Each structure stands twice: as C-alpha cells, then as structure tokens.
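Engineer: My questions will all concern the structure given below.
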Amino acid sequence: MCDQKAIMSSEGFETFMAILPDSFKAFRYQTGIDRVCDAYRASADKMNEALSQAKQAYAQYDQAGVDDSEYDEDGILLGSTAHSLAQAEMDAILAVSVVREAFVTSAFHYWERSARAWTGLHGRRDHFGILSTESAKKYPLSPQLDNLNRLNNLLKHNSHRIDPTLVDARPDYFASPFPSANNTSPQRLRLRLLHEHVEEAFDIVRASGPTY
C-alpha cells in the first residue's frame, strides 16, 4: 500500500514538474505585460491630470474676460496670457498622444522579445512574418497581432505616414485633423490613438503568448 502511494506520489510529482515550466512561462509572460500596462495607466493618469488642469486654467482665464495681449508697432502679437495658456493645453494634448504611442510600441516590443525567446529566432532576417508563424506553432496568436505590427511600424518610422492596409483594416486608428467643410475634398488622415487603443494593444499581446 505504501509502495502504491509512493508510485502515485511520484507520478503526481512528475506530472506537476511537466506542467510547471509552461505554467511558469505563462505567469512570467502575463505578469510582464501587466507591468507594462500598469506603467502606462500610471503615466496616462498623470498626463490626463495635467491636461485637465491646462484646460481648466485656459477656460477660467477666458471666462474672466481679461486681455493682456502685447503687440509691437506693426500689430504683431508679442505675447499674452491667453496664448501661453492655449499653448500649455496643446503641449498637454501632445504629451498624452506621445505616451499612448510609446506604450503601444512597448507592448509590441514586449511580444517580439518574448517570441524571439521562445522560438530561438534572433537573426535580423527573422522578421515579423517568420516570427509570428513559428510562434503560432507554440501558442495562439491574436487575429489583431498583424495590425499591431503594422501600427508599430508606422510609429517607428513615421506616424505622419499612412499605411493604406492599416487604414482599411483599422480605420478607427485614424482621423482628419479638422472636420471637412461642405463641398471640400476629404482631408488627409492622421494617426490618432485613443486610450482604448492602447488597452487593446495590451489585450492583443496577452492573447498572443502562453496563458494560464
């Protein structure tokens, strides 16, 4: 009876040890992207708070009806509180955008580094197509991973450039800078990432590797 228990215990231990490596890989992978996500949310909270304060400062000054604008003899504006506050608001908006783009790139690079580790593909020619194909033999991949790769390439090379394939696949990533007036040609699209897009990037990465 004791020997039988020992055998069962041994078999259970071997099964446990066989499962543990994959479970550990899943734990390490998922907690890793969670840390990147947490860092983004902390940064986003600070940027959004700064933006809210900048908007409030401009609105309060505008409601006060005070005009301290200074002009030179040719009527050119030298400076004003309203202009400074408006610029501060634009800077805050830009900061929010930069943080979003940076963390989308961080999310994709996290997947890329992880995929190279579990496939052993580290060569320069082991591009996304090869890496994703080999990764799919080990773990499921999100159907949106290809679009995340395209978005990362756009951010890496030039966010002002447009990828027609990405525009077709994910038009929600893009918007016109200003609304088009009636009877005017459509304006050129620009990349515009929302908070939801960054959170989605984390979800794409979570679904493209080992899971619990």
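Residues in the sequence shown are numbered from 1 upward in steps of one, following the UniProt record's numbering.
Where a beta carbon is used, it is the ideal one built from N, C-alpha and C, also for glycine.
Bear in mind the structure is a predicted one, so any value in this text is a computation, not a measurement.
#1: DSSP puts L77 in a beta bridge; with which residues?
#2: Reducing DSSP to helix, strand and coil, say where L121 ends up.
#3: With a cut-off of 8 Å on the beta carbons, I'd call C37 and F174 a contact; round off their distance for me.
#4: State yes or no: is the C-beta of Y40 within less than 7 Å of the C-beta of F108?
#5: I need the straight-line Cα distance from G79 to Y61, nearest angstrom please.
#6: Rounded to whole angstroms, what's the CA-CA distance from C2 to G209? Just pull it up for me.
#7: When DSSP labels each residue in this structure, what does A207 get in the three-state scheme?
#8: For the putative contact between N155 and E101, defined by C-beta atoms under 8 Å, what is the C-beta separation to the nearest angstrom?
#9: Answer with buried or exposed for E200, where buried requires no fewer than 16 other C-beta atoms within 10 angstroms of its C-beta.
#10: Quick check on the DSSP output: the alpha helix (DSSP H) that includes V167 runs from which residue to which?
#11: With L148 and I76 assumed to form a contact (beta carbons below 8 Å), what rounded beta-carbon distance in angstroms separates them?
#12: Work out the CA separation of D34 and T211 for me, nearest whole Å.
#13: Do three or more CB pairs link the segment 164 to 172 to the segment 118 to 126 at distances below 8 Å?
#14: Output needed for Y71: all residues of its chain with C-beta closer than 7 Å, excluding positions within five of it in sequence on either side, in chain order.
#15: Alpha carbon to alpha carbon, how far is W111 from K138? Give it in angstroms, no decimals.
#16: So who's on the other strand from R190, going by DSSP bridges?
#17: According to the neighbour-count rule (16 or more other Cβ atoms, all chains shown, within 10 Å of its Cβ), is M47 buried or exposed?
#18: Which residue comes first and which comes last in the alpha helix (DSSP H) that contains S135?
Structural biologist: So, from the listed chains and residues:
#1: Position 77 of the sequence shown, counting from 1, holds the residue named residue 77. The partner list for L77 (beta bridge, DSSP) reads Y71.
#2: In the sequence shown, residue 121 corresponds to position 121, counting from 1. Here L121 sits in coil by DSSP.
#3: As a first step, residue 37 is located in the sequence shown; it is residue number 37 there, counting from the start. As a first step, residue 174 is located in the sequence shown; it is residue number 174 there, counting from the start. The Cβ separation is near 24 Å, so there is no contact.
#4: Taking the first residue of the sequence shown as position 1, residue 40 is located at position 40. Taking the first residue of the sequence shown as position 1, residue 108 is located at position 108. No, Cβ-Cβ distance for Y40 and F108 is not below 7 Å.
#5: Taking the sequence shown and counting its residues from 1, one reaches residue 79 at position 79. Taking the sequence shown and counting its residues from 1, one reaches residue 61 at position 61. In a straight line, the C-alpha of G79 is about 15 Å away from that of Y61.
#6: As a position in the sequence shown, residue 2 is number 2, starting the count at 1. As a position in the sequence shown, residue 209 is number 209, starting the count at 1. Any reading at C2 needs caution, since the residue's pLDDT is 48, under 50, leaving its predicted position unreliable; the model's value is listed next. When rounded, the distance between both Cα atoms is 42 Å.
#7: For this step, residue 207 is matched to residue 207 along the sequence shown. The answer is coil: DSSP assigns A207 none of H, G, I, E or B.
#8: The sequence position of residue 155 within the sequence shown is 155, counting from 1. The sequence position of residue 101 within the sequence shown is 101, counting from 1. In the sequence on display, residue 155 carries Leu and not Asn. Correct: roughly 5 Å between the Cβ atoms.
#9: Here the question's residue 200 lines up with position 200 in the sequence shown. The residue in question, E200, is buried, as its Cβ has 16 or more Cβ neighbours within 10 Å.
#10: To locate residue 167, count along the sequence shown from 1; it is residue 167. Its alpha helix (DSSP H) spans residues 164 to 169.
#11: Within the sequence shown, residue 148 is the residue found at index 148, counting from 1. Within the sequence shown, residue 76 is the residue found at index 76, counting from 1. Between I76 and L148 the Cβ distance is about 47 Å, and since that is not below 8 Å, they are no contact.
#12: Working through the sequence shown from its first residue, we reach residue 211 at position 211. Working through the sequence shown from its first residue, we reach residue 34 at position 34. Rounded to the nearest whole angstrom, the C-alpha separation of T211 and D34 is 13 Å.
#13: no
#14: Locating residue 71 in the sequence shown gives position 71, counting from the first residue. Taken in chain order, the residues that qualify are L77, L78.
#15: Sequence index remark: in the sequence shown, residue 138 carries index 138 (1-based). Sequence index remark: in the sequence shown, residue 111 carries index 111 (1-based). Near 14 Å, if we compare the C-alpha coordinates of W111 and K138.
#16: As a position in the sequence shown, residue 190 is number 190, starting the count at 1. R190 pairs with A175.
#17: Position 47 of the sequence shown, counted from the first residue, corresponds to residue 47. Buried, because 16 or more other Cβ atoms sit within 10 Å of the Cβ of M47.
#18: As a working mapping, residue 135 is identified with position 135 in the sequence shown. Segment 128 to 136, the alpha helix (DSSP H) holding S135.
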